[in-house]
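Below is one structure, written out as structure tokens; the observations come after it.
Numbering (my numbering), first residue to last: 7 to 221.
As structure tokens, then:
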């Protein structure tokens with residue numbers, strides 16, 4: 007059985023990751039491909055329990071405690087869901103993965119990047135995406151989208167949505183720094199455009215990967 011692919015979508019709040027992950031999966035399904043769409047934090051039963059704590063702004067968390075929660079979530083996610091699905095030949099699309107930890111807890115919170123890299127490798131069991139797509143847009147646009155989304159929901163802003171603009175600027179720069187350092191893995195796509203245009207570029211990046219892998 008052919009090995010599958012692991013694709014991650016990353017970006018700041020309001021960048022459109024969830025929407026584009028669903029659209030990408032729909033296109034791939036239409037081709038008869040087996041696809042798993044998942045997300046972090048969450049994606050497993052244990053992960054959803056962790057997610058409820060991790061994103062709750064009413065629960066005070068030290069930076070280290072916040073980091074340990076997201077790493078515990080990833081460790082379970084990799085072993086229970088990601089590795090088995092890729093090994094079974096599926097295309098796995100994850101809304102966030104280890105680059106979010108580097109961007110949010112590293113660049114955003116100021117956690118030591120070298121130590122964070124070691125911890126990420128431990129939690130992920132060295133499993134890296136075949137392709138990472140960073141959906142990039144000005145943080146003002148992303149936060150405006152987020153405020154509109156939260157306004158129409160029962161819940162208030164989560165732990166990160168409620169952060170100050172400067173935090174989100176650091177997170178955005180973190181994602182762009184990762185992209186500059188790993189151009190063979192990471193593709194940056196501007197997402198402050200029509201959904202269809204962004205989706206076409208996202209699919210194009212995945213299609214190019216599939217052609218390289220002869221899938």
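Positions of the beta carbon are idealized from the N, C-alpha and C atoms, including for glycine.
Between residue 133 and residue 84, how many whole angstroms is the CB-CB distance? I'm expecting something under 8 Å. By 1-based counting over the chain shown, the position of residue 133 is 127. By 1-based counting over the chain shown, the position of residue 84 is 78. Correct: roughly 5 Å between the Cβ atoms.
In chain order, which alpha helix (DSSP H) runs of at least 4 residues are fully inside the segment 94 to 148? Correct list: 104 to 107 and 119 to 130.
Throw me the rounded Cβ distance for the residue 101 and residue 24 pair, which I believe falls under 8 Å. Mapped onto the chain shown, residue 101 falls at position 95. Mapped onto the chain shown, residue 24 falls at position 18. Contact holds; Cβ gap of about 5 Å.
Paired residues, beta bridge with residue 43 - DSSP: Residue 43 sits at position 37 when you count from the first residue of the chain shown. For residue 43, which the question treats as bridged, DSSP gives the partners 99.
Simplified DSSP assignment, three categories, for residue 11: Counting from 1 along the chain shown, the entry for residue 11 is found at position 5. Strand, per DSSP.
If we call anything under 8 Å between Cβ atoms a contact, is residue 114 one with residue 181? What you label residue 114 is simply residue 108 of the chain shown in a count that begins at 1. What you label residue 181 is simply residue 175 of the chain shown in a count that begins at 1. Not closer than 8 Å, so no.
CA-to-CA distance, residue 61 to residue 205, given in whole angstroms: Position 199 of the chain shown, counted from the start, is the residue given in the question as residue 205. Position 55 of the chain shown, counted from the start, is the residue given in the question as residue 61. Cα-Cα distance, rounded: 27 Å.
Roughly how many angstroms separate the alpha carbons of residue 14 and residue 108, rounded to a whole number? Translated into the one-based positions of the chain shown, residue 14 becomes position 8. Translated into the one-based positions of the chain shown, residue 108 becomes position 102. Their backbone Cα atoms lie some 14 Å apart in a straight line.
What do you reckon, are the CB atoms on residue 88 and residue 12 nearer than 8 Å? In the chain shown, the residue the question calls residue 88 occupies position 82. In the chain shown, the residue the question calls residue 12 occupies position 6. Yes, they are a contact pair.
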